[in-house]
Ligand code: NIG
Ligand code: FE
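In the numbering used here, the protein residues as written are 325 to 744.
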């Protein structure tokens, strides 16, 4: 048992859990001032105000068996949920980043065989053990930055064996770290060089061999497709979503990053759990999303890093939509898994209010990776995955101080995580 006392503000508290927060409600962030929280068996057992704790004599002030932690006037947040990453990859791509500075676009780099295919080449040469080691370092890094749940995709293998290798690494990360991890199979991330000019044949390979192999080993929770100009078409996407659904794999797809690709509508038609990126979103796309169960998930780190258009988050929220945010942690378009910085981009570049940004990286992000029942808020029965901030005036300070590390202590499954 762990009792955290003297919390200046306990952020994102729920008495009854909400599956997601939409439209105007996104500007509301429920908090308790001067609070305590009790974790038991890795779960949040209870929380309330210090005044109640002092008066109702629950025995929580005695020392028997209860580890006590004094938050000393600091804030407590539920851990961030990061519902879209590619953090299992080999090496890095800072050389392309220099090409980008010199003026090449993401698509131009990709057409030259760089980009995703560059990472695929490196990944294929990297033994599974080494891939695990590199990825574990990134997982430890994001844990320190306050993330408690993360979705990780395959998609740099692009052969049956190498996709399986990536997914096995994700499974091993699930087994060996205290984070909540979900995996997505992204065989249709890019057309591998050996299939140039034979896109349909590659999609056939994804459908006929990769999906059954992945499902056979139960290696994926979701299925993803990069549905965009120059990558995969709406037709490819629908075929893959259809094939995935036969194995119970719900879609979480990359859509409308480079153009009005039709990917958002395709995702909604197939009841995808989320459609992600959405830099190109107009009235029709918003209309399609309204009333659907598909979470629009924005990745402002990618638009920031590539110097591209940002998605119209303000318009989406003002139209009544929910919005989630994720880091997209990957070597090509967003080499960072810092969700606090993503909140800053949400506020500064997407014109979201701090409350909206917090909702986008907690409750709505948990929904977007299918872990809403166990993560994403401070609610009784959810996992005790939390972080304690440094001394700050209020939650608004988190996105405001965009370059400061304000996370002081990390608690996962009710236990403090110590970093070397
Ligand atoms: O989400 N857009 C497609 N995939 C990744 C980029 C992956 C890469 O460049 O390695 C993204 O931005
Ligand atoms: Fe991505």
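Beta carbons are placed, not taken as given, at the ideal position from N, Cα and C, and that holds for glycine.
Are the Cβ atoms of residue i and residue j separated by less than 8 Å?
{"i": "residue 361", "j": "residue 702", "result": "yes"}
{"i": "residue 546", "j": "residue 573", "result": "yes"}
{"i": "residue 399", "j": "residue 686", "result": "no"}
{"i": "residue 501", "j": "residue 404", "result": "no"}
{"i": "residue 538", "j": "residue 497", "result": "no"}
{"i": "residue 482", "j": "residue 444", "result": "yes"}
{"i": "residue 688", "j": "residue 646", "result": "yes"}
{"i": "residue 634", "j": "residue 674", "result": "yes"}
{"i": "residue 601", "j": "residue 623", "result": "yes"}
{"i": "residue 356", "j": "residue 373", "result": "yes"}
{"i": "residue 363", "j": "residue 326", "result": "yes"}
{"i": "residue 667", "j": "residue 723", "result": "yes"}
{"i": "residue 610", "j": "residue 649", "result": "no"}
{"i": "residue 394", "j": "residue 330", "result": "yes"}
Between the alpha carbons of residue i and residue j, how many angstroms are there, rounded?
{"i": "residue 366", "j": "residue 708", "result": "6 Å"}
{"i": "residue 397", "j": "residue 353", "result": "19 Å"}
{"i": "residue 408", "j": "residue 700", "result": "15 Å"}
{"i": "residue 509", "j": "residue 346", "result": "28 Å"}
{"i": "residue 456", "j": "residue 536", "result": "24 Å"}
{"i": "residue 480", "j": "residue 512", "result": "10 Å"}
{"i": "residue 585", "j": "residue 555", "result": "10 Å"}
{"i": "residue 561", "j": "residue 442", "result": "23 Å"}
{"i": "residue 732", "j": "residue 711", "result": "7 Å"}
{"i": "residue 587", "j": "residue 593", "result": "10 Å"}
{"i": "residue 672", "j": "residue 659", "result": "19 Å"}
{"i": "residue 490", "j": "residue 527", "result": "19 Å"}
{"i": "residue 420", "j": "residue 435", "result": "13 Å"}
{"i": "residue 727", "j": "residue 465", "result": "16 Å"}
{"i": "residue 507", "j": "residue 618", "result": "18 Å"}
{"i": "residue 349", "j": "residue 720", "result": "17 Å"}
{"i": "residue 581", "j": "residue 730", "result": "31 Å"}
{"i": "residue 741", "j": "residue 590", "result": "41 Å"}
{"i": "residue 559", "j": "residue 693", "result": "24 Å"}
{"i": "residue 414", "j": "residue 583", "result": "28 Å"}
Can you tell me where the beta strand (DSSP E) with residue i in it begins and where it stops?
{"i": "residue 329", "result": "326-335"}
{"i": "residue 372", "result": "367-373"}
{"i": "residue 722", "result": "No beta strand (DSSP E) holds residue 722; the alpha helix (DSSP H) holding it covers 721-724."}
{"i": "residue 445", "result": "That residue, residue 445, is in no beta strand (DSSP E); its alpha helix (DSSP H) goes 440-449."}
{"i": "residue 362", "result": "355-364"}
{"i": "residue 406", "result": "404-409"}
How about residue i: is its Cβ closer than 7 Å to a heavy atom in the ligand FE?
{"i": "residue 742", "result": "no"}
{"i": "residue 583", "result": "no"}
{"i": "residue 552", "result": "no"}
{"i": "residue 442", "result": "no"}
{"i": "residue 654", "result": "yes"}
Please report the residue range of the alpha helix (DSSP H) in which residue i lies.
{"i": "residue 624", "result": "624-630"}
{"i": "residue 523", "result": "523-529"}
{"i": "residue 515", "result": "Neither: residue 515 is in no alpha helix (DSSP H) and is coded neither H nor E."}
{"i": "residue 564", "result": "558-569"}
{"i": "residue 502", "result": "Unbroken run through residue 502: none, as it is neither H nor E."}
{"i": "residue 668", "result": "663-672"}
{"i": "residue 468", "result": "452-468"}
Please classify residue i: is it buried, with 16 or more other beta-carbons within 10 angstroms of its beta-carbon, or exposed?
{"i": "residue 662", "result": "buried"}
{"i": "residue 570", "result": "exposed"}
{"i": "residue 642", "result": "exposed"}
{"i": "residue 473", "result": "buried"}
{"i": "residue 449", "result": "exposed"}
{"i": "residue 340", "result": "exposed"}
{"i": "residue 439", "result": "buried"}
{"i": "residue 550", "result": "buried"}
{"i": "residue 410", "result": "buried"}
{"i": "residue 514", "result": "buried"}
{"i": "residue 678", "result": "buried"}
{"i": "residue 425", "result": "exposed"}
{"i": "residue 552", "result": "buried"}
{"i": "residue 717", "result": "exposed"}
Does any heavy atom of the ligand NIG sit closer than 7 Å to the C-beta of residue i?
{"i": "residue 658", "result": "yes"}
{"i": "residue 351", "result": "no"}
{"i": "residue 648", "result": "no"}
{"i": "residue 626", "result": "yes"}
{"i": "residue 439", "result": "yes"}
Let me check you understand the geometry: is the CB of residue i closer than 7 Å to at least one non-hydrogen atom of the ligand ADP?
{"i": "residue 440", "result": "With respect to small molecules bound, the structure shown includes the ligand NIG and the ligand FE and not the ligand ADP."}
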